[in-house]
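Undergrad:
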């Protein structure tokens with residue numbers, strides 16, 4: 001089975017993020033595999049081990065994305081592809097990324113594509129479905145379980161806290177989220193092997209794409225941090241007095257009653 005994983009390099013939201021001039025400052029920021037994409041990598045490896053085949057991880061980005069690709073290889077993926085758009089594009093959006101990935105995948109023998117449900121930096125969840133639409137294959141989002149029998153696929157997906165059962169067939173694209181599996185940590189032998197695994201680098205010219213073909217359809221106007229929250233307040237005294245004070249605060253300060 002030919003399995004592809006769509007992977008994104010993103011900043012670590014657990015670390016301090018600096019915003020200046022309407023942009024996130026990369027200097028000093030920590031970058032990781034988008035956490036939802038880790039579920040996709042893990043599921044791809046498990047499917048390959050169960051059904052045979054190869055796992056290829058693909059990303060659109062710059063040379064810096066090689067680190068995240070090597071991490072996916074250390075987890076157990078077989079090969080990686082970096083589509084380097086840094087020199088060709090100053091700006092991009094979900095349309096840009098999806099068009100590039102679709103151009104790469106359209107001539108491949110694709111059985112299964114996995115992606116993260118959303119990226120933690122943008123959160124649009126558009127790239128996976130856009131790629132499926134471009135390839136003309138079905139897709140299922142927010143999956144929490146999957147079983148493959150030949151070309152038949154049984155999927156459980158999360159629907160705002162409930163579950164939905166879906167039957168479909170390969171080729172197929174799915175987006176993955178928490179609850180599907182527990183992504184493994186790269187082992188030391190895996191890290192050593194990853195250094196020797198194939199990592200192909202392509203540019204837009206290699207995909208017969210021009211800049212106009214992948215020009216963004218949207219523009220980010222501004223990025224800013226949320227305002228600092230005021231400190232909490234602990235009410236003291238008798239319960240009846242606390243209730244009165246709380247009601248007064250909700251009326252005079254919070255203005256919610």
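In our numbering, the protein residues as written are 1 to 257. Ideal Cβ placement from N, Cα and C applies to all residues, glycine included. Keep in mind that this is a model prediction, so the values were computed, not measured.
(1) Whole angstroms are fine: how far does the CA of residue 228 sit from the CA of residue 104?
(2) Within the same chain, show all residues whose beta-carbon is closer than 8 Å to that of residue 141, passing over the 5 residues directly before and after it, in chain order.
(3) Could you compute how far the alpha carbon of residue 236 sits from the alpha carbon of residue 242?
(4) Quick one: what does DSSP say residue 79 is sitting in, helix, strand or coil?
(5) So, using beta-carbon positions, are residue 51 and residue 148 closer together than 8 Å?
(6) Spatial neighbours of residue 68 within its chain, please: C-beta separation below 6 Å, excluding the five flanking residues on both sides.
(7) Assuming the contact rule is C-beta atoms closer than 8 Å, residue 113 and residue 209 should be a hit. Round their C-beta distance to whole Å, please.
(8) Residues in its own chain within less than 6 Å of residue 200 by CB, not counting five upstream and five downstream?
(9) Taking 8 Å as the threshold (C-beta atoms), are residue 19 and residue 44 in contact?
(10) Using only CA atoms, which one of 151, 224, 30 and 244 lies nearest to residue 167?
(11) Quick check on this structure: which residue in 46, 38 and 47 has the alpha carbon closest to the alpha carbon of residue 58?
(12) Please classify residue 223 as buried or exposed, where buried requires at least 16 other C-beta atoms within 10 Å of its C-beta.
(13) Suppose contacts are defined by Cβ-Cβ distances below 8 Å. Is residue 12 in contact with residue 30 by that definition?
(14) DSSP on residue 185, reduced to helix/strand/coil?
(15) At what residues does the beta strand (DSSP E) containing residue 164 begin and finish?
(16) Could you tell me which uninterrupted alpha helix (DSSP H) segments, each at least 4 residues in length, are contained entirely in the segment 59 to 125, listed from first to last along the chain?
(17) Throw me the rounded Cβ distance for the residue 216 and residue 133 pair, which I believe falls under 8 Å.
(18) Report the residue from 190, 36 and 115 whose alpha carbon sits nearest the alpha carbon of residue 78.
(19) Under 8 Å, do residue 75 and residue 47 count as touching if we go by C-beta distance?
(20) How long is the line joining the alpha carbons of residue 73 and residue 21, rounded to whole angstroms?
(21) Starting from residue 48, follow its DSSP beta bridges and name the residues at the other end.
(22) What is the DSSP secondary structure of residue 152, counted as helix, strand or coil?
(23) So for residue 20, helix, strand or coil by DSSP?
(24) Excluding the five sequence neighbours on either side, which residues of its own chain have a C-beta within less than 6 Å of the C-beta of residue 204, listed in chain order?
TA: Inspection of the coordinates gives the following:
(1) Locating residue 104 in the chain shown gives position 104, where the first residue counts as 1. Locating residue 228 in the chain shown gives position 228, where the first residue counts as 1. Using only the alpha carbons, I get a separation of about 43 Å.
(2) Reading the chain shown from its first residue, position 141 is the one you call residue 141. Cβ within range, chain order: 117, 125, 128, 129, 157, 174 and 175.
(3) For the purposes of this step, residue 236 is taken as the residue at position 236 of the chain shown. For the purposes of this step, residue 242 is taken as the residue at position 242 of the chain shown. Answer to the nearest angstrom: the Cα atoms are 6 Å apart.
(4) The residue labelled residue 79 in the question sits at position 79 within the chain shown. Three-state result, residue 79: strand.
(5) As a first step, residue 51 must be located in the chain shown, where it is residue number 51. As a first step, residue 148 must be located in the chain shown, where it is residue number 148. Cβ distance < 8 Å, so residue 51 and residue 148 count as in contact.
(6) Reading the chain shown from its first residue, position 68 is the one you call residue 68. Only 9 and 33 meet the Cβ criterion.
(7) By one-based count along the chain shown, residue 113 stands at place 113. By one-based count along the chain shown, residue 209 stands at place 209. Residue 113 to residue 209, Cβ: 19 Å. No contact.
(8) Position 200 of the chain shown, counting from 1, holds the residue named residue 200. So the qualifying residues of the chain are 81.
(9) Counting from one through the chain shown, the residue named residue 44 turns up at place 44. Counting from one through the chain shown, the residue named residue 19 turns up at place 19. No, the pair does not count as a contact, with Cβ atoms beyond the cut-off.
(10) Locating residue 167 in the chain shown gives position 167, counting from the first residue. The residue with the shortest Cα to Cα distance from residue 167 is 151.
(11) Position 58 of the chain shown, counting from 1, holds the residue named residue 58. Taking only the C-alpha atoms, the option nearest residue 58 is 38.
(12) Numbered from 1 along the chain shown, position 223 holds the residue referred to as residue 223. Residue 223 comes out exposed.
(13) Numbered from its first residue, the chain shown carries residue 12 at position 12. Numbered from its first residue, the chain shown carries residue 30 at position 30. Result yes, Cβ atoms of residue 12 and residue 30 sit closer than 8 Å.
(14) Looking up residue 185 in the chain shown gives position 185. Coil, per DSSP.
(15) Here residue 164 refers to the residue found at position 164 of the chain shown. 162 to 169 is the span of the beta strand (DSSP E), which, as asked, contains residue 164.
(16) 66 to 75 and 94 to 105
(17) Here residue 216 refers to the residue found at position 216 of the chain shown. Here residue 133 refers to the residue found at position 133 of the chain shown. Residue 216 to residue 133, Cβ: 17 Å. No contact.
(18) Locating residue 78 in the chain shown gives position 78, where the first residue counts as 1. Nearest of 190, 36 and 115 to residue 78, Cα basis: 190.
(19) Locating residue 75 in the chain shown gives position 75, where the first residue counts as 1. Locating residue 47 in the chain shown gives position 47, where the first residue counts as 1. The answer is no: Cβ separation not under 8 Å.
(20) To locate residue 73, count along the chain shown from 1; it is residue 73. To locate residue 21, count along the chain shown from 1; it is residue 21. Cα atoms of residue 73 and residue 21: separation of roughly 36 Å, rounded to the nearest angstrom.
(21) By one-based count along the chain shown, residue 48 stands at place 48. Answer is none; residue 48 lacks a bridge partner.
(22) Taking the first residue of the chain shown as position 1, residue 152 is located at position 152. Strand, per DSSP.
(23) Start at 1 with the first residue of the chain shown, and residue 20 comes out as number 20. Of the three classes helix, strand and coil, the one that applies to residue 20 here is strand, per DSSP.
(24) Along the chain shown, one-based indexing puts residue 204 at 204. Contacts found: 88.
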